[in-house]
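Participant:
Residue numbers (the working numbering): 8 to 258.
#1: Label residue 73 either buried or exposed according to how many other C-beta atoms from any shown protein chain fall within 10 Å of its C-beta, with 16 as the threshold for buried.
#2: What separation, rounded to the nearest whole angstrom, lies between the Cα atoms of residue 50 and residue 214?
#3: Any idea if residue 138 is buried or exposed, counting beta-carbon neighbours within 10 angstroms, 16 or more meaning buried?
#4: Could you give the DSSP three-state label for residue 136: helix, strand or coil?
#5: According to DSSP, is residue 8 helix, strand or coil?
#6: With DSSP run on the structure shown, which of helix, strand or coil describes residue 109?
#7: Cutting at 8 Å between CB atoms, please list the residues of its own chain near residue 30, excluding the five before and the five after it.
#8: For residue 148 and residue 209, I'd like the C-alpha separation in whole angstroms.
#9: From the DSSP output, in three-state form, read off residue 125 for me.
#10: So what does DSSP say about residue 229, is it helix, strand or coil?
#11: Counting only runs of 4+ residues fully inside the stretch 179 to 253, write out the alpha helix (DSSP H) ranges in chain order.
#12: Go through its chain and collect everything with a Cβ distance to residue 313's Cβ below 8 Å, but skip five positions before and after it.
#13: Measuring CB to CB, does residue 124 end up less than 8 Å from residue 106?
#14: What is the rounded straight-line gap between the Cα of residue 248 and the Cα of residue 173?
#15: Bridge partners for residue 49 per DSSP, in chain order?
#16: What's the call for residue 58, buried or exposed, on a 16-neighbour Cβ count within 10 Å?
#17: For the candidate residues 154, 79, 98, whose alpha-carbon lies nearest to that of residue 65?
#18: Kindly give me the distance between the Cβ atoms of residue 162 and residue 25, rounded to whole angstroms, as I take these residues to be in contact under 8 Å.
#19: Measure the C-alpha to C-alpha separation of residue 171 and residue 191 and round it to an integer number of angstroms.
#20: Please return the same chain residues whose Cβ sits closer than 7 Å to the Cβ of residue 111, not counting the five positions on each side in sequence.
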């Protein structure tokens, strides 16, 4: 299969849509609303965070090296308008980028610019979900977009998951099967002999010790720890699955 389920062009189109949705919440909701992702942030803090991430990613794409950090909006600047400028800057940099060109990333996948099309799509989608939830609004995530996000977690985040909080991932006594039931897409997580498990897409696991099943959207939000364990169906070794999801496999 390709390195991603959604190709860079599809990621770019979806990213533009998710940015517009995030901006709409930023412009209409109370900026002091608490967001569940961080007790330190209100919605205004989330706006600042996402804009700064866009600028960092754009700087990384421009240099090919790990980008510099950027400040949030200056005092007196309208945060939603500042966010829109950050988003437009990243979109312009991505539109001009060749996805095959070399570029730093934090994973073990190929270090090319294609990584950042996908990473910024899911960064924005997840934080749009945070913003919509804070504002008490329902957000529906397209199943294929969500499945691509599950794939990113499993094949891009999981190999470096132990780095996010410095703790090792739980040892796997055998394979775990993940299935998006609405698409019937599957991933197998299995011991690799190294510090991180191996993940394959599309194959049926042989004698899995645990299974994780749900519609793609539910899996996506669960792997990003936006919904509780009960939002997915777990079969087999439940304690192992709970240990995996608590291992900070996403940043």
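Note that the Cβ used here is the ideal one computed from N, Cα and C, for glycine as well.
Facilitator: Per the coordinate set shown:
#1: In the chain shown, counting from the first residue as 1, residue 73 sits at position 66. The residue in question, residue 73, is exposed, as its Cβ has fewer than 16 Cβ neighbours within 10 Å.
#2: On the chain shown, position 43 is the one that residue 50 refers to. On the chain shown, position 207 is the one that residue 214 refers to. Spanning the two alpha carbons is a distance of roughly 45 Å.
#3: On the chain shown, position 131 is the one that residue 138 refers to. Looking at its Cβ environment, which holds 16 or more other Cβ atoms inside 10 Å, residue 138 is buried.
#4: Residue numbering aside, residue 136 sits at position 129 when the chain shown is read from its first letter. Reduced to three states, the DSSP call for residue 136 is helix.
#5: One-based indexing of the chain shown puts residue 8 at position 1. Residue placement at residue 8 is poorly supported in this model, since its pLDDT is 38, which falls under 50; the coordinates are not used for a value here.
#6: Taking the first residue of the chain shown as 1, we reach residue 109 at position 102. Correct three-state label for residue 109: strand.
#7: Taking the first residue of the chain shown as position 1, residue 30 is located at position 23. Excluding positions up to five away in sequence, the list reads 87, 90, 91, 94.
#8: Locating residue 148 in the chain shown gives position 141, where the first residue counts as 1. Locating residue 209 in the chain shown gives position 202, where the first residue counts as 1. Spanning the two alpha carbons is a distance of roughly 22 Å.
#9: As a first step, residue 125 is located in the chain shown; it is residue number 118 there, counting from the start. Three-state DSSP puts residue 125 in a helix.
#10: Residue numbering aside, residue 229 sits at position 222 when the chain shown is read from its first letter. Helix.
#11: 223 to 230, 245 to 252
#12: In the structure as shown, the chain begins at 8 and stops at 258. Residue 313 is therefore absent and cannot be evaluated.
#13: As a first step, residue 124 is located in the chain shown; it is residue number 117 there, counting from the start. As a first step, residue 106 is located in the chain shown; it is residue number 99 there, counting from the start. It is a contact, given that the beta carbons lie within the stated cut-off.
#14: The residue labelled residue 248 in the question sits at position 241 within the chain shown. The residue labelled residue 173 in the question sits at position 166 within the chain shown. The straight-line gap from Cα to Cα measures roughly 19 Å.
#15: As a working note, residue 49 is residue 42 in the chain shown. For residue 49, which the question treats as bridged, DSSP gives the partners 41.
#16: Residue numbering aside, residue 58 sits at position 51 when the chain shown is read from its first letter. Label assigned to residue 58: buried.
#17: Reading the chain shown from its first residue, position 58 is the one you call residue 65. Out of 154, 79, 98, 98 has the C-alpha closest to the C-alpha of residue 65.
#18: If you number the chain shown from 1, residue 162 lands on position 155. If you number the chain shown from 1, residue 25 lands on position 18. Actually they do not touch by this definition, with Cβ atoms about 21 Å apart.
#19: The residue labelled residue 171 in the question sits at position 164 within the chain shown. The residue labelled residue 191 in the question sits at position 184 within the chain shown. The straight-line gap from Cα to Cα measures roughly 30 Å.
#20: Position 104 of the chain shown, counted from the first residue, corresponds to residue 111. Here the set comprises 67, 71, 72, 73, 118.
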